[in-house]
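In our numbering, the protein residues as written are 15 to 223. Ideal Cβ positions, reconstructed from N, Cα and C, are used throughout, including at glycine. Note that this is a predicted model, so its numbers are computed, not measured. Taking it in order: structure first as structure tokens, then the write-up.
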């Protein structure tokens, strides 16, 4: 079966994906179209042994500001403890994140991983790593699709701060076994689309035998 697009066309689309921090509260595509992107991604994104441990949450509109308020309530005291200069730098970022149109949250189901370990004991020690692989693939597919659709996006990992993941799980009311891996802010671009940054020479990153 052949594809309607070439490999280089697909890579050109992937190349368009960049970290865009200047985001508006608006979206040129509807919530239903965004949901369709997530559903399409879930319908085909690969996972080892087809175990499908990835879970997604879509947040839009006023819920985006509420979501980031919940994060900030936990994160701000921690960041201020590192020094007022840290919060002086991070505070405006939080306001920018609140001002985006929405977020996609990327979770993994730990119960799904445990079940996979039971069914495939020989590879049991690898399933947490396998889950990271498939979660990353979901992230890049969703991120790229949203930006091809005309939006900007940036990926965050606020769960690195103690207590933030618990606050997010409470806000989203997700099952206890869901573990947050990343969350993607998105919205109409309020800045120029960034260029591709300088990369290492192929001689340092590619081996051909």
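Cα-Cα separation between residue i and residue j, rounded to whole angstroms
i           : j           : result
residue 58  : residue 48  : 16 Å
residue 141 : residue 148 : 10 Å
residue 177 : residue 139 : 27 Å
residue 135 : residue 207 : 46 Å
residue 164 : residue 132 : 43 Å
residue 56  : residue 186 : 19 Å
residue 41  : residue 115 : 6 Å
residue 110 : residue 85  : 13 Å
residue 194 : residue 78  : 17 Å
residue 216 : residue 30  : 20 Å
residue 113 : residue 223 : 49 Å
Local conformation of residue i per DSSP, three classes
i           : result
residue 88  : helix
residue 213 : coil
residue 43  : coil
residue 18  : coil
residue 139 : helix
residue 206 : coil
residue 94  : helix
residue 188 : coil
residue 68  : strand
residue 167 : strand
residue 123 : strand
residue 118 : strand
Proximal residues to residue i (C-beta, below 7 Å), its chain only, five neighbours per side dropped
i           : result
residue 90  : 101
residue 167 : 34, 157, 160, 161, 198, 199 and 200
residue 28  : 158
Close Cβ partners of residue i (< 6 Å) along its chain, the five nearest in sequence each way excluded
i           : result
residue 144 : 62
residue 38  : 201, 202 and 204
residue 119 : 71 and 197
CB contact below 8 Å: residue i versus chain D
i          : result
residue 37 : Within the model displayed, chain D is absent; a lone protein chain is all it includes.
Integer-rounded CB distance, given that residue j should sit under 8 Å from residue i
i          : j          : result
residue 73 : residue 17 : Going by Cβ atoms, the distance from residue 73 to residue 17 rounds to 32 Å, so no, they are not a contact pair.
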